[in-house]
Amino acid sequence: RVFYSILLMPMMVVPAVAGYMFFMLFQSGGPVNDILSALSGSPVTIAWLSDPTLALIAVMVADIWQWTPLMFLILLAGLVGVPEDQIKAATLLGANPWQRFVTIVLPKMKTIIIIALAIRVIENFKIFDTLYIMTGGGPGVATETISVYIYKLTTQDLIWGYVAAIALAILIVLSIAAVFAMKHMARAREVLA
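Using the numbering used here, you'd call the opening residue of the sequence shown number 11 and step up by one each time.
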């Protein structure tokens, strides 16, 4: 229980707080550079949030840190649903761990994996707080997502019609993704029934 509580803590952190935390971690004089300096034995001052590639990596690290617990829980729920008797039978028949994973576990988890991917795709369309606090979508537009782009259009350029069209396009894309995931889940239920 303690392990699960610790594992879930990043998910409970408000995205704005996570953004500020990672903003501070990746500053030129921040702990990440201090750790790299200690490991290398010479001073390291990498401008993580000023370089387009490094800023993207920093934002990805923050997002992965915050959402890995949810993906872990979803996949763990899928693993619990894998029939143990099939795994034992495959072991008795001489299947190695890789063969058991590919032939038994992975097919049984296919629907769960698709659900997890659908959730992450939807969340990636929504990501705003963490990213905006860390980089503001910059440097340039290196870390700009559709949410940040819409925010900038609404607050700086005031192009309301264009923003409405983008929002409608996002709604259509996410609806198609949701329908695809639901159809896949329904097909999986039919196979299992």
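In this text, a Cβ means the ideal position worked out from N, Cα and C, and glycines have one as well.
Please read these numbers as outputs of a predicted model, since none were measured by experiment.
Could you tell me which of K118, L141, P149 and A126 sits nearest to A57, measuring between CA atoms? The shortest C-alpha separation from A57 is found at P149.
Whether T153 touches L66 by CB criterion (7 Å): yes
Just to confirm the assignment, what range does the alpha helix (DSSP H) spanning G104 have? Counting along the chain, G104 falls outside any alpha helix (DSSP H), and DSSP gives it neither H nor E.
Report the rounded CA-to-CA distance for F32 versus A188, giving the unit in angstroms. Going by C-alpha positions, F32 is about 31 Å away from A188.
What first and last residue would you give for the alpha helix (DSSP H) that runs through Q76? P62 to V90
For L89, collect the residues of the same chain with a Cβ closer than 8 Å to its Cβ; drop the 5 residues on either side in sequence, then sort them by chain order. V115 and M119
So what's F135 in DSSP terms, helix, strand or just coil? helix
Are the CB atoms of H194 and I124 nearer to each other than 7 Å? Result yes, Cβ atoms of H194 and I124 sit closer than 7 Å.
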